[in-house]
Every structure is written in structure tokens, then in C-alpha cells.
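As C-alpha cells, the structure follows; a few thoughts come after it.
There are 4 protein chains.
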Amino acid sequence: MIHAHNYNHQIEQAELVAVCDPNEAAAKKAANLLKLTTYYTTYQEALSNDTIDAVIIACPTKFHKDIAVAAANAKKHIFCEKPMAMNTEECDEMIEAAERNHVKLQIGFMRRFDESFQTAKEMVDAGEVGDVVLVKSLTRGPSKPQEWMYDISISNGPLGEVNSHDIDTMRWFSGSEFKTLFAVGGNFRNKEVKDRYPDFYDNVVMNGVFENGVLGSLDGAQYVQYGYDARVEILGTEGIITIGDIHETTVLSCAKNHSVKRPARKSWTNLFKDAYLAEAVSFVKCILNDTLPKATGMDGKMAVHIVDKGNESLKTGTVIQLGEGIH
Amino acid sequence: MIHAHNYNHQIEQAELVAVCDPNEAAAKKAANLLKLTTYYTTYQEALSNDTIDAVIIACPTKFHKDIAVAAANAKKHIFCEKPMAMNTEECDEMIEAAERNHVKLQIGFMRRFDESFQTAKEMVDAGEVGDVVLVKSLTRGPSKPQEWMYDISISNGPLGEVNSHDIDTMRWFSGSEFKTLFAVGGNFRNKEVKDRYPDFYDNVVMNGVFENGVLGSLDGAQYVQYGYDARVEILGTEGIITIGDIHETTVLSCAKNHSVKRPARKSWTNLFKDAYLAEAVSFVKCILNDTLPKATGMDGKMAVHIVDKGNESLKTGTVIQLGEGIH
Amino acid sequence: MIHAHNYNHQIEQAELVAVCDPNEAAAKKAANLLKLTTYYTTYQEALSNDTIDAVIIACPTKFHKDIAVAAANAKKHIFCEKPMAMNTEECDEMIEAAERNHVKLQIGFMRRFDESFQTAKEMVDAGEVGDVVLVKSLTRGPSKPQEWMYDISISNGPLGEVNSHDIDTMRWFSGSEFKTLFAVGGNFRNKEVKDRYPDFYDNVVMNGVFENGVLGSLDGAQYVQYGYDARVEILGTEGIITIGDIHETTVLSCAKNHSVKRPARKSWTNLFKDAYLAEAVSFVKCILNDTLPKATGMDGKMAVHIVDKGNESLKTGTVIQLGEGIH
Amino acid sequence: MIHAHNYNHQIEQAELVAVCDPNEAAAKKAANLLKLTTYYTTYQEALSNDTIDAVIIACPTKFHKDIAVAAANAKKHIFCEKPMAMNTEECDEMIEAAERNHVKLQIGFMRRFDESFQTAKEMVDAGEVGDVVLVKSLTRGPSKPQEWMYDISISNGPLGEVNSHDIDTMRWFSGSEFKTLFAVGGNFRNKEVKDRYPDFYDNVVMNGVFENGVLGSLDGAQYVQYGYDARVEILGTEGIITIGDIHETTVLSCAKNHSVKRPARKSWTNLFKDAYLAEAVSFVKCILNDTLPKATGMDGKMAVHIVDKGNESLKTGTVIQLGEGIH
């Protein structure tokens, strides 16, 4: 609902028209909460509403492609949450449909709109740390995975669930595409499911080289318990930039136990709240000004591709060479 | 407009009905921006609208009292920005009018609603640092004072313009009222107005003792140029709590110049954005649940009183003893 | 013994010759520990040793004056720990004796030799934050006061025991002398001695104005329990500088309790270890190069004076005006 | 000379007897500086001195093995700087000679003696972050490599010159040995030597898996220019620990440019000064108490081994599987 709330009154040049959910009770409840008069239970109905210019796709990944293609054919601009689709073939269909129908297709990499990420990108582009040498990015979530996530043929594991953003960040800051990669991982915090899900990993480290020679390294984890942790480090030829703190708010305390303490960040919602709104504003602007979205279908597709290849590396224990034909 | 935007769609149980500004063009423009159909150019008209349950007073201080008393008499609940009024007599009139008419009167000390301040208060109340010994609070603003602020008979100087919040914070964390105070100050950054405004000071330090023995110290400054700085430190018998960072966002960089850098905080708007919304939510709740506002008329009055006495200390160079009769 | 260890082999151009302690067992033990062949039990004997060029006085304050004057008369250079003496008259005698005998007299304000303090001073002198407006300095110690400290006619209270360094820091950064001051305090952590020592305070806040208009504020505390805390903040017309962290070492952790933790600083020894050595090196250099010590007898005397006047303000509850004749 | 200064008077139960350097002028100069009466120009002479119980080997790596073996045969305890030797065969010879002669052999991994590293290790061992999942360690040096370092057949590149410590840290915190590893790198800051030294890399990232399943990732860099940077992060099943700050000293400033600044760490000398002394104390203790050194010959050998294998991975672009026979 974070998108719905942002588009509902917080963006001057946009108006939230309707919500759509196959579960009618859920659709009705959302509409009430948002004080909307219209809701739909099929995306086909929603797409037939001529007053709608654009759609936000935030349903399970397996439905993304069909809805996006239908939306494109109905000449609606498309904002689609990440992961973009189940595989790169679906991504290609979505990209092709959007291009053919001359509609925008933006993927939900909201970190690109976060003030800290943007400041860092401007600094890198201004050459403040020289040429980029190495991009490191990590995301670690506090929550126990839900049952369906253990089946990585469905969830794609932490690489897909958690690190899609890191992959996008690495591509964004390196300005290039992965050329080789190697991933290692293991199941450390969910050992009770090892028998049932032998392929499941809850921690991963992946490094690689980009086509332009820049080095990359990411790590991802689920159920870390200590908090939500998302940090980036960009090492250049002449300096570094880091993004992210582990702590939240500005309170610090120190009592008899002789520990200086700050509250840890408990979730991503507060951290990226402003970024989600900026992302929505940017989407509306790119429609109105007919400019390229700041996170394109190709960005979405490449993240899907790298998750696949990372999982392949994990499974085979080998270095993966990425063909240049993909992008 | 920060209040208007918050009440306009972001608070479930409240609805923004109208805006009021004696300048019709301004009133019209604000109404358009907020997509409101109603605007007023006199507060009397606004108060005669029966569908209005509560008013937000955010005009210049000298009009606060008249509007608040009229609002109370019209049985409207009142949220009034700080400084509450020009002097404690006006504050008394406002408090009395609200009480007589059984309406809520909340003063705009939004820091009490900031997540960091609230966490700190909960820790203090839970005894995590023992008994409170000393409360320090500082606020320093980046901007050059406007011409009218140099006349401290009108502006009350930085103590009124900048430190009202610190005075409230000190009262809040000490749980008591100032008993003695002493202030020193000077004009350091606006020397070109020294001839015309010999009483003007742009920097002040004030310390004192509360009735319960707790010690207090604040400092305030205008036109500091390096950024917006608001920090608090609570020293207890067994520990400390600090609130506030000088830097903003989570970006950190280090390049050839061998300095580790973080962007400084440029303004209060971003820092307290969430606090303003929480303040509004709390005001609506105290009306609906008929509870005491978290920042009362008495809180507003005491801040006005302490600003007066601080300025008296600055002028006379003496320690001021505060009578207990005031509160 | 920190001085003895520093002078014993760590300073190229100095050699530790002997130790002196009226308790022979203690003198012998120290000599053994330091692998020295010589020790004395009276300072008169020590001063009669012609191979000795300089003395370090680190005994209880009440003996400082007699030893220093005798050392000066014996043409020994003098390093004397702070507080310099029991009162300003004694300080004057020491200064006069050193001047008459053309020997150096350096007082143990080692913070002036700390790398962070020195960096800050260089930045201030280079005008990096404009003109100095306000100097804040605090020192808080973790330990329960020893019995004799409760009698402030002997110990001078925390102002003397803890804040002498802060007073020196404020004079150093303001480049001026206190003109007015006002102190408030109380006994918050040693309530069991209130009956026996009604004048004792374990927490103090003192603010004031320097002769050049610069503002100052310090706070001091004993038995804070959370750690050793020494921090300084210099506010200029165009920026700020802060010195000091609450945490120690570079370890940070965050576990299930959702607190980001760093170990607190437990004592001053580690914090100022390098400063003590640099102080000793500087003392040796000022003798060899015949230059002015970086912390002179006048610096020692003014700290004694301000402690006196701060205690007078605490006792009388009034603002103290400091005469210019003292310095 | 850091070792010589530490053993010279700073360690109670040790005495520095002599220095040894094939260059007589250098040996003489060092002896003078250290106020020693004895110096040698061949290690054979030095080893024939019966009053010597232990030797510190801090010469170029290629001489380590011969000197260490001779020292062991002369029944001297051995402290040897890292890298331990030119290859694992030499390491084996050194270990075997020490064992056969019943002398201690300690390798110079001083980070194990750093207070922050030790605190972190104690926390890990106490289970404060659960089981170890991932150990990340990085070291980046500010200086331009010297000419001879470009030939990685001699220098072993940054992996050997810079990351030996990180490899040791990862082994120490994982409590295990590398099982697989993969490294990527490049020459980013020394492009002018690319023709002459095509194999040279000044930046490397290496990840891997330990035999107990723990994941590891390191990065190393030379000539980063922004400062000296050494940081570690240990991710456990229930929390994290980080070691290391980029900044040095406790000064922070913020002026008109709106950047909050702290000085960057310029070199490793100050950072690990105390660790070097603690390392020496520990070496003396393990001799006196006949205990195992805290960094053994096997620790030295494994670092040499992993550097070799990391360079092999860089050269072949493949994942390296490490045999278990090596340790």
C-alpha cells in the first residue's frame, strides 16, 4: 500500500483512480482506506478504464509479465515492482510490449531515488573519488523467511529476494554490466529446513568483474535478527564513499553497563520512505515530460539475469562467464 | 503550509476544511494548491463555519491571543504555534478561554513528538540513566536574521526565535520549572547592526536550576552558517542520553584531502518532518479521546515566561530568581 | 608514575636520574621498578644533586609551592602538576621564584598536547570556523569521590578536581580571561554525605563571558558511572569544531537486542597517554631551546583563580565579576 | 625499529641486547640510537652470543628461513615478521626447526593483539553474535607501491603485501581454514606500469568458503590516497561486530562548506602502536610461561599459502580448491 498512499494526494500531478485485487474483500477494504470510489477485481477491467493513464504493478512476480503486456497494449504507462519477472524472456516480452506501444516502463529500484544514494551518485559522476574501482553493496533482513521462500526455484533465494537492489546498485555505480561472477553461500539460520530444502541458503557472498573492469562484491542475508542493514561502499582511484548507517534515529545512550548504544534500524520502511515518494514523483515526471525512466526495463531484466547466474554459481561452485548478448 | 499538508489527507480521522489568510490572493492560492473549495480572509468568518471542529493558528505571534480566544468562544479546539503569545498575560487569557469553553489548546512544540525525543523520554522515565541531573539543549540556525528580528522588543531575540524549543525540552526532561537562571550573550555575526540595535544578540548561553534541583544549560545562535544544529544531552545519576547528529543523510566520503566528510544538516524541515505529522495526529487524538494535549497552554506560557526572564538576565547581567506563583 | 615512565628512556634528550618520596619504602620500590640506582626521601637532598637539571612535582597540591620555590632557588627547571597550588598567592610566589632564577615553570595541562586538541587549536588559529564565539568544555569522571574530596575547602570540589582542565581549555581557545561567571551545582550521586558535607556538590555547570566577549560554558561531574567523558565544542562565527568521543576503541556490535553498541571510555589514562608523552617532550624542548612553556605558571594560576571564583558563585548564588588586576 | 623500541625498556621482563644488520653503518647507527653497546653484522655472530634468549627477525622475507632455522638450531626463541617466508616449503622448514629445538616461533600478526580485535574475538567466543557466518576484512594503503612491488613474483602483490593480515584475521575469526577461494583484481591506480608489469594488480577482492562452512570476503588496495583503511566485519547468526573507523583522532568540524569533517587515518603506525607492544609482551610471556604463541608458525604458513592460491586464482580466473593436506 506504500505506492497507493504516495499516489493518493501526495503527488501534485497525479491522482489515484482505483485499486485492483482479485480478492474482492481486499480490494474493497483498500478502496475504503484510501477513500476511493472505484475498485476492480480483474486487471482487464481496470485496463479498460479510459481515465487511467498509468498502472502500478505490485502483485506476486509470476503475474508481472501478463499484466504488464496487457497494460502496454492498453496504452497505459507501467510502473512494475522488482523482481521484474520470473526470467529474462518475460522481461524481454515486457520491454518489447512497452516499446511497441510507446509507454513508459519503470522498475521499482527505489534506492536510486534515495537522497543518500543520489548524493553519492552525483559525487561519483563529478569525479570526487576518481574512477570507480570497486562497488560493494550489502542487504540483510531481520525476518525469518516465509515457508515459500525456502524453495529457491520459486523465490530465487536471498539473491532474488534481498539482493536485487544490490545488483542494481552495483550496475548503477559501476556504469557497466557484470562480466564474470562467483557466489558462495550457506544455510546458517534456518537449519531446521535443510532436509526439506537442501538448496536453500540464507547467506550469500558474490563477487565479480564488470565489463569495464570495475570490481564488485555483494553480500545478502535473511533472518539476521539484529536489524535491517543496507550499506554500500564505492572505492575509487582517489577516495571512497559509503552509504548507510546501522543505527536508526539520533538517540545515543550510555549507562552503567559501559556501552554506548544507539537503536538499530528495524526495517526498510522508514529508511526508504522518502525514496518511494521520490520514485513515484519521478515516474509521473517521466510520463509528463516524455523522458526515460530512471530505472528501465533493461535494469529490471539485468537484475533478474544476475540473480539467475548467481544461483547457478552457487549450485555449480564455478565462476560464471556472462555473455554480452544479453543486454 | 506544513500543517495544512499534514492535515490534508495524511491523517485518517481529520479533514482539512478551509484556509484563512487576510490576503485574499494568498488564501486563494493556498486553497488551490491544497485542492480546497473554501477559503476565508477573516478568522471571524472561518470561526462561524459550523463544520469546523478545530483550528490551526500559525500566523504572526501578535495575533495569536485574539484568534485563540475567539476560537475558544466559538467552541473550536485550538492548535497554536509557538511562541504562544507576546507575554504571559496573553497566555493566561488563552488558557482561561480554552478552559472556560472546554476546548483543547495545544502548543506547537513538535520536538516532543519526534521519534528520537520520544525514545529518550521513555528511557529517562524508565530510569535507564538514573535520576536526571542536568539537561542541556542547543539550537543553532543557519540563516541571517530578517531585519525585524534585530529589534528584540519585537522578536525576543534568539531566546524567543530559536530557543523556545530548548526551554520546552528542558522543562519536559527535568519534569520541573526553572527556579533561577542566568544568561550571557553577544552579537558576533551581525556586527553591522550594532549601532542600530545595541540590544541585539545572535548568540546566547543560559544556565539555571530547576525547582527540583535539576541543572539546565542551553545555547542558541542565529546565522551560524555551517548548518542547522539541534542537540540535547541528558545527564543522569547513572548515565547519559544524547539526541541529535550534526550530519544529514547517511553518505560519508573521503578523498585525497584526507578528510572523512558527511553532509551537514541544512534545515529543520527534514529533521522534524515526521514530528510535525505525529504532532498533528496527537492533536486529533486528544480531541477525539478527550485527553490532555501533550504540549499544553501552560507549556506554551512557561516558555514565553522563561524567554522574558532570560532576556532580563541578559540585559541586567544578574541572576534571575523566578517566583513560583507563575505556574 | 606516568611521568617517570615517560622520562625513563622514552625521551631522547632526557634521562631520569632519581625519584623522591618521603616514604622510603615507596621511593625504593619506584626506583627498583624504574631500574634507577638513586632515590631520595627529602626534596632538599634531591635538589642538592648537581646532575639534576629539572624536577617533576606530582605530590599533593599543598606541597607544590614549597618544593617549587626551593627547586627554583636550586636553579632546577620545574614541571608542576595541576592544580598548581592551594591559592593564587602561592602561585604568585612560584611564578616569581622561577622568574628570578631564570628557570622554566610548566604546569601539567596535558590536554594542550593531545593531538585532537592541537588539531582543533590549529584550525581555530587558521580561522577555519571564523572568530570564536563560544567555548564549551566538559569533564565527567566515573569514580566515587574519595572521602577527603567531600570537604571542598580541601578538594575545591569537582571544579578543582575535574574542571581545572576545562578552565584551561576555555582560556586557551578563547585566547582571553574570564570576566564574569556564574555556577550552579548540586549533590546528586553522593546523597549519603549531605549531612556531613552540606557544601559538597558532585555536578556543576558554569557559564561566563571572557574579556574579549567570547562566551564560555563548562560542566563537571564526579561518579557518573557510565564512563570517562571529556568533550569540547568550539562555536565560531562560521562553523564549529568538536573534540572527543564517548566511545573507546573501534569495535561496534549489534545483536538481537537491536542496540548498536560501542564500548564506553573507562578512564582518562588511555585517552591522554600520548598527550602526557608529548607534554614531557615539550617541556624538555622548552628547556633546551630556552622557549616559553606551552602551559605557564600564569596558566596554572588562572585555573586556580577561576576554581575559587566558581566555588564562590556556587556558594553565594550570584554572578561573579572578575577583576582585571589578577593577571 | 618499532620492535627494537618496544623491547628496549618498555617490557619489564625483557632486555634488548644487540642489533644486527649486514650494513655496519646502519647497525652502528641503530645501536647508538637505542643506547646499546653491542651490534652485529652477521646473524651467525649474533646467534653465538649466549646471553641472547630470543631473536626478532624483521629483515626482507627471502632471508627469513635461513635465519630462523639457524636461530632455532642455536636454541633461540624466534619472533618472525610476516610474510613468514617465500613459500610454504620454507615455512615448513622453519616450523620443523623450531619444534625440533623446542623453541617458540611467533609470527608478526600484531592485529591479534589490538584491543579492538581482542574485544571482538572475546565477544565472538562468548557467542554474543551467535555462530560466525561471514568474516569480511579489508586493508587499503595510501602509498604508491615501490618499483620492486610491481613484480608480483617478488612481492606477491597486494594480497601478500597488504592482505596477509586480513587472511590471518579471517582464519582467526572463522576458526577454520580456507576450502575454496576466488579472486578478482586489476591495476587501476598504476596504469603507467601496465606494459612493464602486466600481472600487477593494485586492487583485489577475494571471497571463499572455509572448511567449517563459514563464508569469507576480503579486499585489498594500494595507493588509495585517501588514507589508511583497515576494517573488519563479522556477521553471526544473531548479530554483527565491526572493527575499525576511517577517521583518526576525535576532532570533528563543520564550517561554511556544509560538510561535517573528521581527519582520515593517514598510516598504520599510530593505529597499531599499542598492538605491537602487546604483541611483544605476549611473545615474552609465552617464552617465560612455556605456552603456545598466539600467532604460530602454522598461522604464518597458512597466510603464505592463501596468498599463493589467491594469486593463482587471479591469474587463472578460476575457483581454487584447497587441499586439506597443507595444514
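Protein chains in written order, with this note's numbering: chain A, 1 to 327; chain B, 1001 to 1327; chain C, 2001 to 2327; chain D, 3001 to 3327. Glycine included, each C-beta is placed from N, C-alpha and C at the ideal position.
Leaving out the 5 sequence neighbours to the left and right, which residues in its chain are closer than 7 angstroms to residue i when beta-carbon positions are compared?
{"i": "residue 91/A", "result": "84, 85, 297, 300, 301, 304"}
{"i": "residue 2103/C", "result": "2072, 2075, 2076, 2077, 2078"}
{"i": "residue 3128/D", "result": "3239"}
{"i": "residue 1258/B", "result": "none"}
{"i": "residue 3277/D", "result": "3006, 3010"}
{"i": "residue 1047/B", "result": "1070, 1071, 1074, 1076"}
Based on Cα-Cα distance, which residue from the options lies nearest to residue i?
{"i": "residue 2004/C", "options": "3001/D, 3010/D, 3005/D", "result": "3010/D"}
{"i": "residue 44/A", "options": "68/A, 33/A, 26/A", "result": "68/A"}
{"i": "residue 253/A", "options": "1120/B, 1317/B, 1112/B, 1140/B", "result": "1120/B"}
{"i": "residue 1134/B", "options": "2101/C, 2189/C, 2059/C, 2149/C", "result": "2189/C"}
{"i": "residue 1279/B", "options": "1113/B, 1063/B, 1058/B", "result": "1113/B"}
{"i": "residue 3316/D", "options": "3270/D, 3199/D, 3284/D, 3174/D", "result": "3199/D"}
{"i": "residue 1144/B", "options": "1118/B, 1132/B, 1192/B, 1177/B", "result": "1192/B"}
With a CB to CB cut of under 6 angstroms and the five nearest residues on each side skipped, what residues in its chain are close to residue i?
{"i": "residue 3217/D", "result": "3136, 3207"}
{"i": "residue 2314/C", "result": "2183, 2185"}
{"i": "residue 56/A", "result": "3, 79"}
With a CB to CB cut of under 8 angstroms and the five nearest residues on each side skipped, what residues in its chain are close to residue i?
{"i": "residue 3266/D", "result": "3142, 3227, 3228, 3248"}
{"i": "residue 3162/D", "result": "3139, 3140, 3141, 3220, 3221, 3222"}
{"i": "residue 2196/C", "result": "2150"}
{"i": "residue 2101/C", "result": "2072, 2073, 2075"}
{"i": "residue 3272/D", "result": "3110, 3111, 3114"}
{"i": "residue 286/A", "result": "104, 106, 292, 293, 294"}
Return helix, strand or coil for residue i, following the three-state DSSP convention.
{"i": "residue 3188/D", "result": "coil"}
{"i": "residue 282/A", "result": "helix"}
{"i": "residue 1173/B", "result": "helix"}
{"i": "residue 3206/D", "result": "strand"}
{"i": "residue 2246/C", "result": "coil"}
{"i": "residue 1386/B", "result": "Residue 1386/B is absent from the structure shown; chain B starts at 1001 and stops at 1327."}
{"i": "residue 2223/C", "result": "coil"}
{"i": "residue 1005/B", "result": "helix"}
{"i": "residue 1114/B", "result": "coil"}
{"i": "residue 2327/C", "result": "coil"}
{"i": "residue 254/A", "result": "strand"}
{"i": "residue 1133/B", "result": "strand"}
Would you say residue i faces chain D, with C-beta separation under 7 angstroms as the test?
{"i": "residue 2003/C", "result": "no"}
{"i": "residue 311/A", "result": "no"}
{"i": "residue 212/A", "result": "no"}
So, is the C-beta of residue i closer than 7 angstroms to a C-beta in chain A?
{"i": "residue 3215/D", "result": "yes"}
{"i": "residue 3205/D", "result": "yes"}
Taking 7 angstroms as the CB-CB cut-off, is residue i touching chain B?
{"i": "residue 2307/C", "result": "no"}
With a cut-off of 7 angstroms, does the C-beta of residue i fall near any C-beta of chain C?
{"i": "residue 1319/B", "result": "yes"}
Of all the residues that make up the region 242-264 of chain A, which are near chain C by a beta-carbon distance shorter than 7 angstroms? So the close ones are 246, 247, 254, 255, 256, 258, 259, 260, 261, 262, 263, 264.
Closer than 7 angstroms, Cβ to Cβ, to anything on chain B: give me those residues from the region 155-176 of chain A, in chain order. From the region 155-176 of chain A, no residue has a Cβ closer than 7 angstroms to chain B.
Closer than 7 angstroms, Cβ to Cβ, to anything on chain B: give me those residues from the region 103-130 of chain A, in chain order. Contact annotation: in the region 103-130 of chain A, residues whose CB is within less than 7 angstroms of a CB in chain B are 115, 116, 119, 120, 123, 128, 129.
Give the residues from the region 225-244 of chain A that approach chain C closer than 9 angstroms (Cβ to any Cβ), ordered along the chain. From the region 225-244 of chain A, only 225, 226, 227, 229 have a Cβ closer than 9 angstroms to chain C.
Residues of the region 176-198 of chain A whose Cβ lies closer than 8 angstroms to any Cβ of chain D, in chain order: Residues of the region 176-198 of chain A that bring their beta carbon within less than 8 angstroms of a beta carbon in chain D comprise 180, 182, 184, 185, 186, 188, 189, in sequence order.
The region 1132-1155 of chain B: which residues have C-beta closer than 8 angstroms to a C-beta of chain C, in chain order? So the close ones are 1133, 1134, 1136, 1140.
Check each residue of the region 1004-1020 of chain B: if its Cβ is closer than 9 angstroms to any Cβ of chain E, include it; give the result in chain order. You won't find chain E in this structure, because its protein chains are A, B, C and D.
Of the residues that make up the region 26-54 of chain A, which ones have a beta carbon closer than 7 angstroms to any beta carbon in chain D? Interface annotation for the region 26-54 of chain A against chain D: empty, criterion Cβ-Cβ distance under 7 angstroms.
Anything in the region 262-282 of chain A with a Cβ closer than 7 angstroms to a Cβ of chain C? List those residues in chain order, please. Flagged, chain order: 262, 263, 264, 266.
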